[in-house]
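What follows is a set of notes on a single structure, which appears directly below.
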Amino acid sequence: MELEPGSGEERNRWQQTSLLSLVAPAQLCDGTAEKAVEATDGAATPSTPSHQPPPPARLLILDTETTGLDPLKHRCIEVGAVLFDVPQRAVLSQISFLLPCQTNEAETVNGIAAAVTRLSQPWPEALAYFQTLVAASDLILAHNAGFDRQWFGHGPLPAIEKPWLCSMEDLRWPPDRNLRANPSVRDLALAYGVPVWAAHRALTDCIYLAQVLERCDDLEGLLCAGLEPRQLYRARLPYEERHRARQAGFRWNDPVPKAWSRRLSAREAAAIGFPVSLEQLSA
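Printed below as a string of structure tokens:
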């Protein structure tokens, strides 16, 4: 379940989530945290990486369905997960389970009736197995990871201490797939020839992502680039060139008020093709 761009919850996600704070330095594929240096024209100059440790070998592809957008007011009612081996491009295990709820305000979106979640099923045992899959993984991969991550540590869901990677925001899919900068799961699947038969159930979206990864020739390189430390940048473009920021995946007024902004690595900022500057969000 994805957030609507520009919502208050989405702005909070930008303020709270940072891959640099989640990934240990030894896990970064460039071996060091890059630092962006703002040049006189607003572009950024990346530092030179020192070494390249191997990419993560095991991914836990994860998705959630919820009764709303706010984990303080709503509940996660479904978890789907696929344990994926990167070197073999293979699914090792998968699980999906419902969590009981009294009402589901998002039933029209995810199609999960509250009464169905209360039917007898071994969800505590499923949750325990899910935790073993988390333990077996090196990295959590989710489409709109900032949204999914916020539900863990609330209610019956345990906090997840593993690093997270977002397949929508952090992975830069090959240009020949003709995807927009922040593609939906559906568009991503279709671009890789994966049939789309349903939407808005947790395990279904995980399976789509797993089948996309199976088809990635340079998955290791894609993950390493995705794990580069990222910071929030503002596009420095005149109004009449705002289309360039939009095409590059920058968002207007989200999370920076009245500005086009996007999280980029220093390398990406230097190669973006127009001036950008680092942006600091107020607390």
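The sequence shown stops at residue 1468 when you use the working numbering, and every number in between is there. From the three backbone atoms N, C-alpha and C, an ideal C-beta is built for every residue, glycine too. Computed from a prediction, not measured in an experiment: that's the story for all the values here.
With fewer than 16 other beta carbons inside 10 angstroms of its own, Arg1362 counts as exposed. As DSSP reads the structure, Asp1248 sits in a beta bridge with Gly1265.
For the options Leu1422, His1385, Tyr1393, the alpha carbon positioned closest to that of Ala1376 is the one of Tyr1393. Judged by DSSP in its simplified three-state form, Asp1270 adopts strand. Nearest in C-alpha terms to Glu1346, of all of Phe1435, Gln1316, Lys1443, Pro1360, is Gln1316. By the Cβ rule, the stretch 1310-1328 does not count as touching the stretch 1414-1434, because fewer than three pairs are nearer than 8 Å.
Per DSSP, Gln1416 is one residue of the beta strand (DSSP E) stretching across 1416-1420.
Unbroken beta strand (DSSP E) runs of no fewer than 3 residues, entirely contained in the stretch 1289-1337, are found at 1324-1327, following chain order.
DSSP places Gln1287 in no alpha helix (DSSP H); its state is neither H nor E. Gly1253 and Arg1447 have their C-alpha atoms some 25 Å from each other. According to DSSP, Ile1457 shares a beta bridge with no other residue. Annotation for Leu1350: the continuous beta strand (DSSP E) segment containing it runs 1349-1351.
Per the coordinates, the alpha-carbon of Asp1402 lies some 36 Å from the alpha-carbon of Asn1438. In the DSSP assignment, Leu1449 falls within the unbroken beta strand (DSSP E) covering 1445-1449. Excluding five sequence positions before and after Glu1464, the CB atoms of its chain that fall closer than 7 Å to its own CB belong to Leu1417, Tyr1418, Arg1419, Val1441, Ser1446, given in chain order. A distance of 8 Å or more separates the beta carbons of Gly1296 and Leu1388.
Judged by their CB atoms, Ala1299 and Pro1272 are not nearer to each other than the 8 Å cut-off. In the DSSP assignment, Asp1390 falls within the alpha helix (DSSP H) that extends over 1387-1399. Beyond the five residues adjoining it in sequence on each side, Glu1290 comes within less than 6 Å, by CB distance, of Thr1252, Gly1253 in the same chain, given in chain order. Beta-bridge partners of Val1276 (DSSP): Phe1269.
Considering only Gly1411, Cys1351, Ser1450, Arg1400, the residue with the shortest C-alpha distance to Ile1246 is Cys1351. When rounded, the separation of the alpha-carbon atoms in Ala1311 and Gln1279 is 11 Å. In the three-state reduction of the DSSP assignment, Arg1365 falls in the coil class.
Measuring C-alpha to C-alpha distances from Asp1255 to each of Pro1240, Val1276, Asp1248, His1339 identifies His1339 as the nearest.
The three-state secondary structure of Leu1375, taken from DSSP, is helix. For the pair Ser1369 and Pro1307, the Cα-to-Cα distance works out to about 32 Å.
Taking a C-beta distance under 8 Å as the contact criterion, Val1294 and Leu1283 do not qualify as a contact pair. The C-beta separation of Arg1429 from Phe1459 comes to about 6 Å, placing the pair in contact by the 8 Å criterion.
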